[in-house]
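Asks:
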Amino acid sequence: MNLRHRDKRYPALIRARLPGSTERASVLGEMTDWSTPLPMAAGGVEAGSRVFELRASLPIGVYAYKLKVSKEAHIEGEWKLDPSNPRTRGTAGYQNNVLSVGGAPEPLLFAPAPPFVVEGEGGGLVIRAALRRGFGDRLSAVWEEIGAGPPRATPLFLAAEEDEHLVFQARLPVSSGALRIHFELPNGTIIGREDAPGEAFHIELAPASGAPAWLREAILYMIFVDRFRGERGDAGWGADPGPERPAGGHLDGIRRSLGDLADLGVNTLYLTPIHPAASCHRYDMVDPLAVDPALGGEEAFATLVEEARARGLRVMIDLALTHAGEGFPPYEDVRKFGRSSKFAEWFQWTEGPSPELVHYGSRTDAPRLNLYCAEVRALALDIVSKWMERGVSGIRLDAAAELPMDLAKAVRDRMRELRPDAALLGEVVPAHAWRWLAEGAVCAATDFEWHRAVVDFIAHRSISAASMRERLLRIDVSRGGPFASSVRFLSTHDHPRFATLARLAGGLSRARLGMLFLAGSPGIPALLYGEEVGITSSVVDFELDSVWPDRAPMPWAKGARDEAMRQLTRRLFEARRRSPALSRGDFSILHADDELFKSVFVFRRSAEGDVVDVAVNASDTAIEVEIDDPDLPEIELLAAVGEGSVSGRVIALGPDAGVFVRRKRDAEGARRRRLLVLGNERLRDLDLSAGALVARGLPSRIDFSITELCNLQCKHCITLAPERTRARSARTLAPWLLDRLRDPFELASYVGFVHGGEPLAVPILFDTIAAIKQARQSNPTIIHILTNGLLLSEQIAVRLFNAGVRSISVSLDGASAETNDAIRRGGRFSHIVENVRAASLLRRRTGVDVRMGISFVILRQNAGEAARMAELCADLGLDWLKLEEAVPATPFAERSLLRPEDAVLREAVHAAVERGRSLGIEVVDHTDMPRVWRCKLGEDPRAAEILRADEFANRSEIHPCRAPWEHACIEPNGDVKMATFFGPVIGNLAEKPLSSIWNGSGAAGERLRARASRLCGEGPAICVEPSD
441 MNLRHRDKRY PALIRARLPG STERASVLGE MTDWSTPLPM AAGGVEAGSR VFELRASLPI
501 GVYAYKLKVS KEAHIEGEWK LDPSNPRTRG TAGYQNNVLS VGGAPEPLLF APAPPFVVEG
561 EGGGLVIRAA LRRGFGDRLS AVWEEIGAGP PRATPLFLAA EEDEHLVFQA RLPVSSGALR
621 IHFELPNGTI IGREDAPGEA FHIELAPASG APAWLREAIL YMIFVDRFRG ERGDAGWGAD
681 PGPERPAGGH LDGIRRSLGD LADLGVNTLY LTPIHPAASC HRYDMVDPLA VDPALGGEEA
741 FATLVEEARA RGLRVMIDLA LTHAGEGFPP YEDVRKFGRS SKFAEWFQWT EGPSPELVHY
801 GSRTDAPRLN LYCAEVRALA LDIVSKWMER GVSGIRLDAA AELPMDLAKA VRDRMRELRP
861 DAALLGEVVP AHAWRWLAEG AVCAATDFEW HRAVVDFIAH RSISAASMRE RLLRIDVSRG
921 GPFASSVRFL STHDHPRFAT LARLAGGLSR ARLGMLFLAG SPGIPALLYG EEVGITSSVV
981 DFELDSVWPD RAPMPWAKGA RDEAMRQLTR RLFEARRRSP ALSRGDFSIL HADDELFKSV
1041 FVFRRSAEGD VVDVAVNASD TAIEVEIDDP DLPEIELLAA VGEGSVSGRV IALGPDAGVF
1101 VRRKRDAEGA RRRRLLVLGN ERLRDLDLSA GALVARGLPS RIDFSITELC NLQCKHCITL
1161 APERTRARSA RTLAPWLLDR LRDPFELASY VGFVHGGEPL AVPILFDTIA AIKQARQSNP
1221 TIIHILTNGL LLSEQIAVRL FNAGVRSISV SLDGASAETN DAIRRGGRFS HIVENVRAAS
1281 LLRRRTGVDV RMGISFVILR QNAGEAARMA ELCADLGLDW LKLEEAVPAT PFAERSLLRP
1341 EDAVLREAVH AAVERGRSLG IEVVDHTDMP RVWRCKLGED PRAAEILRAD EFANRSEIHP
1401 CRAPWEHACI EPNGDVKMAT FFGPVIGNLA EKPLSSIWNG SGAAGERLRA RASRLCGEGP
1461 AICVEPSD
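Numbering (the numbering used here), first residue to last: 441 to 1468.
#1: My output table needs one value for R1454: the three-state DSSP class, helix, strand or coil.
#2: Do F608 and L571 have their C-beta atoms closer together than 8 Å?
#3: Could you work out which residue in L1116, W827, P1400, G1192 is closest to L858 when comparing CA atoms only?
#4: Going by the beta-carbon positions, is the gap between P1020 and S1059 smaller than 8 Å?
#5: Per DSSP, which one or two residues make a beta bridge with C1375?
#6: What three-state label does DSSP hand W1508 in the structure shown?
#7: Could you check the C-alpha separation between V832 and V755 for me, to the nearest Å?
#8: Please report the distance separating the alpha-carbon of D472 from that of T762.
#9: By the DSSP assignment, the beta strand (DSSP E) with I659 in it spans what residues?
#10: Under DSSP, the alpha helix (DSSP H) around W1438 begins and ends at which residues?
#11: Taking one C-beta from the region 529-539 and one from the region 474-489 each time, how about it: are there three or more such pairs within less than 8 Å?
#12: From F1144 to E1411, what does the alpha carbon distance come to, in whole angstroms?
#13: Express the C-alpha separation of L809 and R685 in angstroms, rounding to a whole number.
#14: Going by the DSSP bridge assignment, what does M1309 pair with across the sheet?
#15: Along the beta strand (DSSP E) that carries G670, what are the first and last residues, could you check?
#16: My assumption, with CB atoms under 8 Å, is that I1298 sits in contact with T1367. Please give the rounded CB distance.
#17: Check T528 in the structure and name its three-state DSSP category.
#18: Could you check if G501 is buried or exposed, using at least 16 other CB atoms within 10 Å of its CB as the buried criterion?
#19: Alpha carbon to alpha carbon, how far is R1339 from Y1190?
#20: Once DSSP output is grouped into helix, strand and coil, what is the label at D732?
#21: Using the three-state DSSP reduction, which class does Y450 fall into: helix, strand or coil?
#22: Counting along the chain, where does the beta strand (DSSP E) carrying A610 start and finish?
#23: Could you spell out the range, first to last residue, of the beta strand (DSSP E) harbouring Q535?
#24: First and last residue of the beta strand (DSSP E) that includes L864?
#25: Quick check on DSSP: helix, strand or coil for R1284?
#26: Return helix, strand or coil for E1003, following the three-state DSSP convention.
#27: Nearest to I586 by CA position, among V1344, V1290, C883, E1163, is which residue?
#28: Between which two residues does the beta strand (DSSP E) carrying E601 extend?
#29: Given this structure, state the Cα-to-Cα distance separating D758 from T708, to the nearest angstrom.
#30: Report buried or exposed for V485, applying the criterion of at least 16 other Cβ atoms within 10 angstroms of its Cβ.
#31: Rank H935, S931, G1082 by C-alpha distance to the C-alpha of A1004 and give the top, closest one.
#32: Would you mind giving the Cβ-Cβ distance between W996 and G1414, rounded to the nearest angstrom? I have them listed as a contact below 8 Å.
#33: Quick check on DSSP: helix, strand or coil for Y710?
#34: Any idea which residues DSSP pairs Y1190 with across the strands?
#35: Assuming G960 is part of the alpha helix (DSSP H), what are its boundary residues?
#36: Buried or exposed: where does G1196 fall if 16 or more other Cβ atoms within 10 Å of its Cβ makes it buried?
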């Protein structure tokens, strides 16, 4: 999800009173990339001081900044804090001012924007806030989803510590499009909006437009094209030509290597620029619209893309839009005519009386482009279009943080126009990558802070595990999320190789450990060509800005490659691909302690019921560790580096060793779980009989409101789904919640999708059904779906039947299009009827045991069609018809309602029952439901008949007295209710597991009320006969 209206800007003012001798002042900070100064306007000198102002237009957020102040107009000056702004933030000894736009007042740093509000892994919303030290050691968020119940208070936990602030965090089970939130300090102080004291922040969410789905599973392989492989054969290849000299790499060389790369396990190739340029690295463009003939030209690239796609490999291209090189026609014109050139405005110039071209870095032949020039911006978009038209899956934007934000967004928009699933990766060097991610300028950004942390912990061994923990937590806080927005790497072609750094610091074995850490970490992993075969340079020290020794040609000859390293890399990334936890799971640190094993770092990844621990030992001392987990005590070795092994529940790690281990139940735990699955219903009946307030089992029936989104606008809807859909406040179940239910699913023999909106409108329906079937294995399970039928195509019906759905109810409120579509606005009666007919024929043709019927709410407008509805059921080959009483949930329903005693209603029901009986259709009458006591069915034939028909239609045993011990109702946000969606909330799955909620005080209170209302009161229930 994204924040809605993220493009909206608000006026911001920085007003600094500086010494009167100040001639120049500028602002640098998180408004840009900390390198691009924003000039401040100078005022006159008064009383020895001078006021400088910067007026800007910024999105909502909290921005760190500092001033650069000079006494000379043409000198940038020195770093200074803004003396007029008391708000500051400090990290690792560095202190900056803070500008809050639409945020919270002191003592809290918060704004309803990244990185304080970000999408959680698997859904939900992660909220962060930084509380100034001295104002308490706790913080709570008070929040509500608009239109979805009263406010609730959620304690935030301490996520990181800074010099001046404590950073708190929590994941809120937000499942809709809007919420209100404010914060409460330990002393009861309420903190909301700075610009409207006492008012809560209003946050609106929009559907995610971040990384395309394929990028979340990507394993990148970075290829320096000139240094990778020659056109034909490998004879004579491999000698390093030295800095700046071409080695002769060719696109056909990459094509010849596709099998090797696919076997390695990578799935996305990202190539350095391949257009004609002034150097062999080609970041200094000459003709950015063409494929360099020296690399094979258009034909070679087209063949590469086509053959890569056939092997399941995507191709991305690197583009540098910030500067050009010698031979670029506009540059050559400027070199000839100077400022009088018609292309002079294409470039950046120094200030002063004798302006000169500004060049990239320390070079004098790479002029920086003026990215505010309309012609340059047009060229940039033409370049992007041309490469997208060549079939690339995405672009890596070199120095993305140096592009104006609107241009970066225009680049991404152009890519999406040409290919909706295109990915734009940004090289974002500053730590505050949230700025570019939040604006939608890039899908994902390089994570240089993560790279530095891993280099320091593993390659250099210059920090402890505890320091590594602090740095990773700080990175998480500063970047925002989710993990799929971070490109993580050990090496790039712009940095010394990790293996070289490890060798210089003490040992190449650390490179293997680094590879394990990369493969096990969240984010998008990226390998630099040759890392997998052990490329390292022989340098003894590095010269500033020179990494050419680590840009050696890729070795292909036998004996020149470390094949053991390649096989290890292949095993590590195969383990990642096979594990939902490693490829897309969340992240938590289990051990990082300075007191015990201070060089041992253990973290956990978990997703979709898969739990994997990653343990590394960045030291020369062998150690043994045991991570206690009573629920998952058993460990299975998935992959190891160095002398990493598992014995029982103990992990042994030699020097520079690491492991991936999967956590599982042990034999005894698995046996107990099997017994609980087999005995859950027996325990349920024992608890019912005893009237126990604490249940020994878990729900055997789970009903879902999986979404409140609906594609109809029924005038009588009891869930208010149409209103919530229109208001963008409809909630939908998220993957994190599904993970919390995998264990409870084992014990649920009946699962219904029966409340809220249209379940077929959300993809997570099928993920949920798959999780149910996986948990239940071969145990008998009924899965029931209530749908409006609009999306029940034959293709969807096949998926439902194959997934294990065995009961389908379709809502129709008229036997004719005129009647039904007037009540169910947006419904297409004929389309729905044909969908149902096709699904019914499909089940008969395939022999699948699926029971189907129609749910019909009888109103004044349709009562006359009740008998015809029975005929329609027979015509469609269905099994049952359920006649429902209207509920006065809307003004229309209130006007249209027929009371149970109404003669019109009773006549309609009688006609439908008689017609259904004559046609072999089971008719269920819910319009005048008696209280059903199973212990009295022998004395109440009508109740017995209604119950029999109801159980047939629902394919379940219905036992109202037993519901508090067997029936849980789950809302999209994880709220749990007992027996009915219209009851009180007894807990939320974001805060506690279902086992705790089911035996909590809320559940006990509901059972107490249920026990008091039953005929047998507090005595033993006589409606069940539980065996011993």
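We put the CB at the ideal spot given by N, CA and C, even for glycine.
On a predicted model such as this, the values are computed, not experimentally measured, just so you know.
Replies: In terms of the structure at hand:
#1: Under the three-state reduction of DSSP, R1454 is assigned to coil, being neither helix nor strand.
#2: Yes; because the gap between Cβ atoms is below 8 Å, this pair is in contact.
#3: With distances taken between Cα atoms, L858 lies closest to W827.
#4: Going by C-beta atoms, P1020 is not nearer than 8 Å to S1059.
#5: Note: C1375 sits in no beta bridge, so no partner.
#6: With the chain running from 441 to 1468 in the structure shown, residue 1508 is simply not present.
#7: Taking C-alpha positions only, V832 is separated from V755 by approximately 5 Å.
#8: Residue identity differs from the one stated: residue 472 is Thr in this sequence, not Asp. Going by C-alpha positions, T472 is about 15 Å away from T762.
#9: Per DSSP, I659 belongs to no beta strand (DSSP E) and is neither H nor E.
#10: Premise fails: W1438 is in no alpha helix (DSSP H) and is neither H nor E.
#11: Too few Cβ pairs lie closer than 8 Å, so no.
#12: Distance between the alpha carbons of F1144 and E1411 is about 6 Å.
#13: Cα-Cα distance, rounded: 25 Å.
#14: Residue pairing by DSSP leaves M1309 without any beta bridge partner.
#15: No residue range can be given for G670, since it is assigned to no beta strand (DSSP E) and is classified by DSSP as neither H nor E.
#16: So it is a contact: roughly 6 Å between Cβ atoms.
#17: Correct three-state label for T528: strand.
#18: Answer is buried; the Cβ neighbour count reaches 16.
#19: When rounded, the separation of the alpha-carbon atoms in R1339 and Y1190 is 32 Å.
#20: In this structure, D732 counts as coil in the three-state DSSP scheme.
#21: Assignment of Y450 by DSSP, reduced to helix, strand and coil, places it in the strand class.
#22: Under the DSSP assignment, A610 falls in the beta strand (DSSP E) whose first and last residues are 605-612.
#23: From DSSP, the beta strand (DSSP E) with Q535 extends over 534-541.
#24: Segment 863-866, the beta strand (DSSP E) holding L864.
#25: In the three-state scheme derived from DSSP, where H, G and I count as helix and E and B as strand, R1284 is classed as helix.
#26: The DSSP-derived three-state label of E1003 is helix.
#27: Nearest of V1344, V1290, C883, E1163 to I586, Cα basis: E1163.
#28: Here the beta strand (DSSP E) through E601 covers 592-601.
#29: Between D758 and T708, the alpha-carbon positions lie close to 13 Å from each other.
#30: Per the 10 Å Cβ criterion, exposed.
#31: Closest by alpha carbon: G1082.
#32: The pair is not a contact, with the Cβ atoms about 53 Å apart (cut-off 8 Å).
#33: In this structure, Y710 counts as strand in the three-state DSSP scheme.
#34: Partner(s): R1141, I1222.
#35: Per DSSP, G960 belongs to the alpha helix (DSSP H) from 949-960.
#36: Buried is the label assigned to G1196, since at least 16 other Cβ atoms lie within 10 Å of its Cβ.
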